[in-house]
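Going left to right, the sequence shown walks through residues 0 to 288 as numbering that gives the first Met the number 0 numbers them. Below you'll find the structure, written out as structure tokens, and then a few comments.
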Amino acid sequence: MQPRPPVVLERLRRKVLGPLFDRLGYDLVPAAPDWSHRPTSPREVERLLDAAARALEADLHAAGLAPREDIRALCETFWELIPTAPVRQRRGGSGFNGALQLYVAMRVLRPGFVVESGVFRGLTTWVIRQACPEVRLFCHDPDLSGLQYRDPEARYSRQDWSYADWSMLDPADTVAFFDDHVSQARRVVEAHVRGLTRLLFDDDAAAHRIHAHGGPAHPTIAMITALDGAPEPIRWTRNGRPFEQPAGDAEAQQAADLIARSHAFDDMHRATGYSPARLTYVELHGGGS
Ligand SMILES: C[S@@+](CC[C@H](N)C(=O)[O-])C[C@H]1O[C@@H](n2cnc3c(N)ncnc32)[C@H](O)[C@@H]1O
């Protein structure tokens, strides 16, 4: 189980620091991961796991992925595993639902190699390692200063993945996981050039929902696959900063042509009560430049 925040610090936050930050327009909250809150009565745990398994089974089927393991059993294993995660994060990285989806997707895809772009504190690296103990893992992030989990077997780099040498990869046995706030059209094109066909994306928001998203990368897979030649750009604002996805983006069009199939998983909030996930599986047409 995750440790509780120290009582003295918690008092200080509630009585002094919290109100001070509040007056300055900020929320000061403990970095308690969402899985530190959980049902404890057996019937409610069963219901949560049943609902999660049903949602995942439907998503895997829609994504064209055939599990070789029982999904309900995987959910149960994950339920026992996640409280032991060595990363504490409330914001800026995956929560329970995103971690569960990644765990199950990796178990189903069974890659020999994983490229992870966007590591942050290392939670998703840990999840991938739990799902695939033998996988060769390549972790890319320009800022590795916040790592709370460093995988002993992984290769870490601050370089963008697109500059690295991938001659050792077997593209057919590789899954790339992008959670890096970089244009998802760019990542699709880069993956195709390297012969990859199996991709997972976090933060795939639809055009009418991207405003609610922190640090948005665009175009997202949803924007790319919804391309209909509309002449109007997509515009939104976030914290007063304007964003625009131009119409007729050539890279987005190129990416759209490379995608054989994509499926955005259910956000799982209804199933588990935890904060919504945004995982999308993308299959590309046969790789190569
Ligand atoms: C949302 S966080 C990743 C969260 C992590 N996957 C998790 O769920 O625990 C996004 C990360 O992308 C990283 N990032 C930004 N530009 C990047 C790039 N070009 N390549 C790889 N990572 C990048 C940021 O430094 C940040 O750590």
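Cβ coordinates follow ideal geometry from the N, Cα and C atoms, glycine included. Here the structure is a predicted model, which means the values were calculated and not measured.
Take the Cβ of residue i as the centre, count every other Cβ of all protein chains shown within 10 Å, and call the residue buried at 16 or more, exposed below.
i, result
"L283", "buried"
"Q100", "buried"
"D49", "exposed"
"P241", "exposed"
"N238", "exposed"
"T124", "buried"
"S288", "Annotation note: pLDDT 49 at S288 (below 50); position unreliable, coordinate value reported separately. S288 is exposed by the Cβ-count criterion."
"V7", "exposed"
"A84", "buried"
"D58", "buried"
"G24", "exposed"
"Y162", "exposed"
"S144", "exposed"
Going by Cα to Cα distance, which pick from the options is closest to residue i?
i, options, result
"P170", "R12, V114 and A51", "V114"
"G213", "D179, R42 and H268", "D179"
"S93", "H36, P32 and E75", "P32"
"E208", "V192, W235, E231 and T224", "According to the sequence displayed, residue 208 carries Arg and not Glu. Of V192, W235, E231 and T224, the residue nearest in Cα terms is W235."
"A135", "P110, A61, A225 and Q244", "Correcting the residue identity first, residue 135 is Arg in this sequence and not Ala. For the residues P110, A61, A225 and Q244, the minimum Cα distance to R135 belongs to P110."
"H36", "I81, L55 and T76", "I81"
"P230", "A153, D69 and P245", "P245"
"P41", "C131, W78 and Y280", "W78"
"R260", "T224, S182, Q252 and V126", "T224"
"A206", "L198, I233 and E152", "I233"
"Y273", "H60, I127, A175 and A98", "A98"
Check this for me: beta carbons of residue i and residue j, under 8 Å apart or not?
i, j, result
"L278", "A104", "yes"
"T289", "F112", "Coverage of the chain is limited to positions 0 through 288, which leaves residue 289 absent and any answer about it impossible."
"A51", "A270", "yes"
"A249", "A221", "no"
"S116", "H139", "yes"
"W160", "F95", "no"
"V281", "L146", "no"
"R120", "Q88", "yes"
Residue i: beta carbon under 7 Å from a heavy atom of ligand 1?
i, result
"F119", "yes"
"T123", "yes"
"V181", "yes"
"H217", "no"
"H139", "yes"
"D164", "no"
"D33", "no"
"S116", "yes"
"G194", "no"
"D142", "yes"
"D203", "no"
"D150", "no"
"S156", "no"
"D266", "no"
"S93", "yes"
DSSP three-state label for residue i, please.
i, result
"A65", "coil"
"C138", "strand"
"S288", "Unreliable positioning characterises S288 in this predicted model, as indicated by a pLDDT of 49, which lies under 50. The coordinate reading is nonetheless provided below. In this structure, S288 counts as coil in the three-state DSSP scheme."
"E152", "coil"
"Y280", "strand"
"L27", "coil"
"L8", "helix"
"T83", "helix"
"L168", "coil"
"S161", "helix"
So that I know if they touch, is there some Cβ in chain C lying closer than 8 Å to that of residue i?
i, result
"G63", "No chain C is part of this structure, which consists of one protein chain only."
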